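Those protein sequence lines, which keep their order, are chains W and Z.
Under the UniProt record's numbering, residues 1 to 246 are what the first sequence spells out, in order.
Under the UniProt record's numbering, residues 1 to 246 are what the second sequence spells out, in order.
Here a beta-carbon is modelled for each residue, glycine too, at the ideal position from N, C-alpha and C.
Source: prediction; values computed, not measured.
Report on the following structure.
Number of protein chains: 2
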Amino acid sequence: MAGRVLATQDCSSCPIRHRAVCARCDEDELSQLNDIKFYKTYAAGQTIAMRGDALDVVASVVAGTATLERVIEDGRTQMVGLLLPSDFIGRPGRPTLQYDVTAVSDVTLCCFQRKPFEALLIRIPAVQQRLLEMALDELDAARDWMLLLGRKTAREKIASLLMLIAKRTVHPDGKVMGDTTRLELPISRETMANFLGLTIETVSRQFTGLRKDGVIELDGNRIVRIPDLEGLLFETGDDSDGGTLF
Amino acid sequence: MAGRVLATQDCSSCPIRHRAVCARCDEDELSQLNDIKFYKTYAAGQTIAMRGDALDVVASVVAGTATLERVIEDGRTQMVGLLLPSDFIGRPGRPTLQYDVTAVSDVTLCCFQRKPFEALLIRIPAVQQRLLEMALDELDAARDWMLLLGRKTAREKIASLLMLIAKRTVHPDGKVMGDTTRLELPISRETMANFLGLTIETVSRQFTGLRKDGVIELDGNRIVRIPDLEGLLFETGDDSDGGTLF
DNA sequence: CGCTCTATTGAATAGATTCAACCAGGGTGG
DNA sequence: CCACCCTGGTTGAATCTATTCAATAGAGCG
Chain W
1 MAGRVLATQD
11 CSSCPIRHRA
21 VCARCDEDEL
31 SQLNDIKFYK
41 TYAAGQTIAM
51 RGDALDVVAS
61 VVAGTATLER
71 VIEDGRTQMV
81 GLLLPSDFIG
91 RPGRPTLQYD
101 VTAVSDVTLC
111 CFQRKPFEAL
121 LIRIPAVQQR
131 LLEMALDELD
141 AARDWMLLLG
151 RKTAREKIAS
161 LLMLIAKRTV
171 HPDGKVMGDT
181 TRLELPISRE
191 TMANFLGLTI
201 ETVSRQFTGL
211 RKDGVIELDG
221 NRIVRIPDLE
231 GLLFETGDDS
241 DGGTLF
Chain Z
1 MAGRVLATQD
11 CSSCPIRHRA
21 VCARCDEDEL
31 SQLNDIKFYK
41 TYAAGQTIAM
51 RGDALDVVAS
61 VVAGTATLER
71 VIEDGRTQMV
81 GLLLPSDFIG
91 RPGRPTLQYD
101 VTAVSDVTLC
111 CFQRKPFEAL
121 LIRIPAVQQR
131 LLEMALDELD
141 AARDWMLLLG
151 RKTAREKIAS
161 LLMLIAKRTV
171 HPDGKVMGDT
181 TRLELPISRE
191 TMANFLGLTI
201 ETVSRQFTGL
211 RKDGVIELDG
221 NRIVRIPDLE
231 GLLFETGDDS
241 DGGTLF
């Protein structure tokens, strides 16, 4: 974990205060976390950690987007996780990392040395509890993703990804944070391909296919407009209630 | 959750005593769990729970094998988890289930009412801690599985599955529990197909392909002999250290 | 012995990949 | 300022892998 060390910010003004591992902490517990935390930043494209690395820190993503990937020697790579603000990196009790972690935008991490963090985990059940909750959420997301990878067609995969991004613009409390009819894609075609288990060419073809069928409109490479969200949902292959993927 | 209710057994002689959620408990904590537990059995093929069910119990698998599956309306189904003895069903804090749970062999569950279990989780950090550990292990397994589903060829998928089953005959402490050169497949071709994101025909073809290439030998439908484990490992596409899938 | 369920095999098809060419936009440097 | 290149994206044609549909083969069982 290279990256630049930053001055820490006060927890009370932290953007992920109520979603990260510290979400359930009271003021006192928060100050205990505050005592051992430090910030680091990584530039877009930078490697945060590699598979097999001995990892003596764990961290929360404060800002930016990172990916978890598994790669095989011949170059095939599969994204196995998308890390957004409040997501957690590393696992207590295991010193080595199982995946490559890469910053896809500029990333700020709130880091803790593993040992003190593990000690703290025992003292503060609220952190343990939140960590369990987050792990179970990620497990559900991973399993939805497995359905997508194993059984969906290329077109369904693309539609599912767009729905996922659209849903992301809606806050957990239901408040709409942006226009769901106009999406800004946070990732490149290549990243999408690794996400969906496809090649970039197929991703591209499906985009133009959906465009020609009037399901989406493209404005440059990164802006997608969705005239009819219901229509897109239909293309995902999901039943209406299914497949949250986060 | 239908199923037949059984007399409970004493925890001290329980086969999953040291691997399940109770693994870290002392005698006193164990007796608290003992007070609220009850056993249920399900016959092979029986549905244990369906996606969307309100689930007022959580449970550990004591004996037998069950599957977690997601299905889409048109019938496509993807296995998203394999439940073996000591694995846990249900999640504290959420009342509905995300997947279909099916017994593939006769299954015995050690059940707890959700509410008392959640209360107990707060009183006994050892359970919480173990549950976190198990959730994180499952998350790692799910992610390995994603690599398989997204990027591996049919042949590699079959080889990976066989390796997985071979590894399962080795106890976590390294003790070999069976002959790794002779495997008994615990699941049908159809279950394998749903596991691997393939059709049964493709599964069958890959089996005969591997047989014709001398990688495996078939003795009936359920017995596979592996003359050269290294050779099989090569076919998985994994680098030697990678991809534990459990 | 015939029935059913599971598995295998074959032939045709479809969906995604591969390889290659091309295009657009954004620097860089002469 | 413009030619040049470089990166990321799109498109086309050929290929290939896995699926689909259909027929056949075994295994287990009443």
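State yes or no: is the beta carbon of residue 113(Z) nearer than 9 Å to at least one beta carbon in chain W?
Taking the second sequence and counting its residues from 1, the one referred to as residue 113(Z) is at position 113. Not one chain W Cβ lies under 9 Å of residue 113(Z).
Opposing strand residues paired with residue 60(Z) [DSSP bridges]:
The residue given as residue 60(Z) occupies position 60 in the second sequence. According to DSSP, residue 60(Z) shares a beta bridge with 88(Z) and 110(Z).
Using a Cβ-Cβ cut-off of less than 7 Å, give me the residues of the stretch 131 to 143 of chain W that come near chain Z, in sequence order.
Along the stretch 131 to 143 of chain W, the positions whose C-beta sits under 7 Å from a C-beta of chain Z are 131, 132, 133, 135, 136, 138, 139, 140, 142 and 143, read in chain order.
Taking a contact to mean a Cβ-Cβ separation below 9 Å, would you say residue 60(Z) touches residue 38(Z) in this structure?
The residue you call residue 60(Z) lines up with position 60 of the second sequence. The residue you call residue 38(Z) lines up with position 38 of the second sequence. At a Cβ-Cβ threshold of 9 Å, residue 60(Z) and residue 38(Z) do not count as neighbours.
Indicate the three-state DSSP secondary structure (helix, strand or coil) for residue 144(Z) in the structure shown.
To locate residue 144(Z), count along the second sequence from 1; it is residue 144. The three-state secondary structure of residue 144(Z), taken from DSSP, is helix.
Endpoints, the alpha helix (DSSP H) within which residue 203(W) is located
For the purposes of this step, residue 203(W) is taken as the residue at position 203 of the first sequence. Annotation: the continuous alpha helix (DSSP H) that includes residue 203(W) extends over 200 to 212.
For residue 87(Z) and chain W, any beta-carbon pair shorter than 9 Å?
Sequence index remark: in the second sequence, residue 87(Z) carries index 87 (1-based). Output row for residue 87(Z): interface = no.
In the DSSP output, which residue or residues are listed as bridge partners for residue 224(Z)?
In the second sequence, residue 224(Z) corresponds to position 224, counting from 1. Per the DSSP secondary-structure output, residue 224(Z) pairs in a beta bridge with 183(Z) and 218(Z).
Using a beta-carbon distance below 9 Å, is residue 231(Z) in contact with chain W?
Taking the second sequence and counting its residues from 1, one reaches residue 231(Z) at position 231. By this cut-off, residue 231(Z) is not an interface position.
Opening and closing residue of the beta strand (DSSP E) in which residue 32(Z) lies:
Taking the second sequence and counting its residues from 1, the one referred to as residue 32(Z) is at position 32. Note, residue 32(Z): premise wrong, no beta strand (DSSP E); alpha helix (DSSP H) at 27 to 36.
Out of 151(W), 135(W) and 109(W), point me to the one whose CA is closest to residue 41(W)'s CA.
The residue given as residue 41(W) occupies position 41 in the first sequence. Of the candidates 151(W), 135(W) and 109(W), the one whose C-alpha sits nearest the C-alpha of residue 41(W) is 109(W).
With a threshold of 16 other CB atoms inside 10 Å of the CB of residue 130(W), please say whether the residue is buried or exposed.
Mapped onto the first sequence, residue 130(W) falls at position 130. By the neighbour-count criterion, in which 16 or more other beta carbons inside 10 Å mark a residue as buried, residue 130(W) falls on the buried side.
Using a Cβ cut-off of 9 Å (strictly closer), state whether residue 146(W) contacts chain Z.
Locating residue 146(W) in the first sequence gives position 146, where the first residue counts as 1. Interface annotation, residue 146(W): in contact with chain Z, CB-CB separation under 9 Å.
Which of helix, strand or coil does DSSP assign to residue 173(Z)?
Translated into positions along the second sequence, residue 173(Z) becomes position 173. Note on residue 173(Z): pLDDT 48, under 50, position unreliable in the model; the coordinate value appears next. Annotated three-state conformation of residue 173(Z) is coil, per DSSP.
Let me know the secondary structure DSSP gives residue 41(W) once reduced to three states.
Position 41 of the first sequence, counted from the first residue, corresponds to residue 41(W). Under the three-state reduction of DSSP output, residue 41(W) falls in the strand class.
Our contact map puts residue 113(W) next to residue 56(W) with C-beta atoms below 8 Å; I'd like the distance itself, whole angstroms only.
Here residue 113(W) corresponds to residue number 113 of the first sequence, with the count starting at 1. Here residue 56(W) corresponds to residue number 56 of the first sequence, with the count starting at 1. With a contact defined as Cβ atoms closer than 8 Å, residue 113(W) and residue 56(W) qualify at about 6 Å.
Taking only beta carbons into account, state which residues of the stretch 97 to 122 of chain Z come closer than 9 Å to chain W, listed in chain order.
Along the stretch 97 to 122 of chain Z, going in chain order, the ones with a CB nearer than 9 Å to a CB of chain W are 98, 99, 121 and 122.
Can you find a CB in chain Z that lies within less than 9 Å of the CB of residue 173(W)?
Sequence index remark: in the first sequence, residue 173(W) carries index 173 (1-based). Unreliable placement is indicated for residue 173(W), whose pLDDT of 48 sits below 50; no coordinate value is reported for it.
Where the beta strand (DSSP E) through residue 97(W) begins and ends
The sequence position of residue 97(W) within the first sequence is 97, counting from 1. Judged by DSSP secondary structure, residue 97(W) falls outside any beta strand (DSSP E); it is assigned neither H nor E.
Out of 13(Z), 31(Z), 12(Z) and 69(Z), state which residue places its alpha-carbon closest to the alpha-carbon of residue 191(Z).
For the purposes of this step, residue 191(Z) is taken as the residue at position 191 of the second sequence. Selected option, being the one with the closest Cα: 69(Z).
Does the stretch 148 to 156 of chain Z come close enough to the stretch 66 to 80 of chain W to have 3 or more Cβ pairs within less than 8 Å?
With the cut-off at 8 Å, the stretch 148 to 156 of chain Z and the stretch 66 to 80 of chain W touch.
So with CB distances below 8 Å, who are the chain W contacts of residue 239(Z)?
The count along the second sequence starts at 1 and reaches residue 239(Z) at position 239. Within chain W, the residues near residue 239(Z) are 72 and 73.
Check whether residue 162(W) and residue 216(W) have beta carbons under 9 Å apart
As a position in the first sequence, residue 162(W) is number 162, starting the count at 1. As a position in the first sequence, residue 216(W) is number 216, starting the count at 1. Their beta carbons are under 9 Å apart, which means residue 162(W) touches residue 216(W) by this criterion.
Beta carbon proximity, residue 68(Z) to chain W, threshold 9 Å:
Sequence index remark: in the second sequence, residue 68(Z) carries index 68 (1-based). Yes, contact with chain W.
Mind checking if residue 57(W) is an interface residue toward chain Z, Cβ cutoff 9 Å exclusive?
In the first sequence, counting from the first residue as 1, residue 57(W) sits at position 57. When Cβ-Cβ separations below 9 Å define contact, residue 57(W) makes no contact with chain Z.
Indicate the three-state DSSP secondary structure (helix, strand or coil) for residue 191(Z) in the structure shown.
Sequence index remark: in the second sequence, residue 191(Z) carries index 191 (1-based). Residue 191(Z): helix per DSSP, three-state reduction.
Would you kindly check if the distance between the Cβ of residue 58(W) and the Cβ of residue 15(W) is under 9 Å?
Here residue 15(W) is taken as the residue at index 15 of the first sequence, counted from 1. Here residue 58(W) is taken as the residue at index 58 of the first sequence, counted from 1. Taking 9 Å as the Cβ cut-off, residue 15(W) and residue 58(W) do not qualify as a contacting pair.
Taking 8 Å as the limit between beta carbons, can you name the residues of its chain near residue 183(W), skipping five residues before and five after?
Within the first sequence, numbered from 1, the residue matching residue 183(W) stands at position 183. Only 162, 165, 166, 169, 223, 224, 225 and 226 meet the Cβ criterion.
Which of helix, strand or coil DSSP assigns to residue 73(W):
What you label residue 73(W) is simply residue 73 of the first sequence in a count that begins at 1. Residue state, collapsed to three classes: coil.
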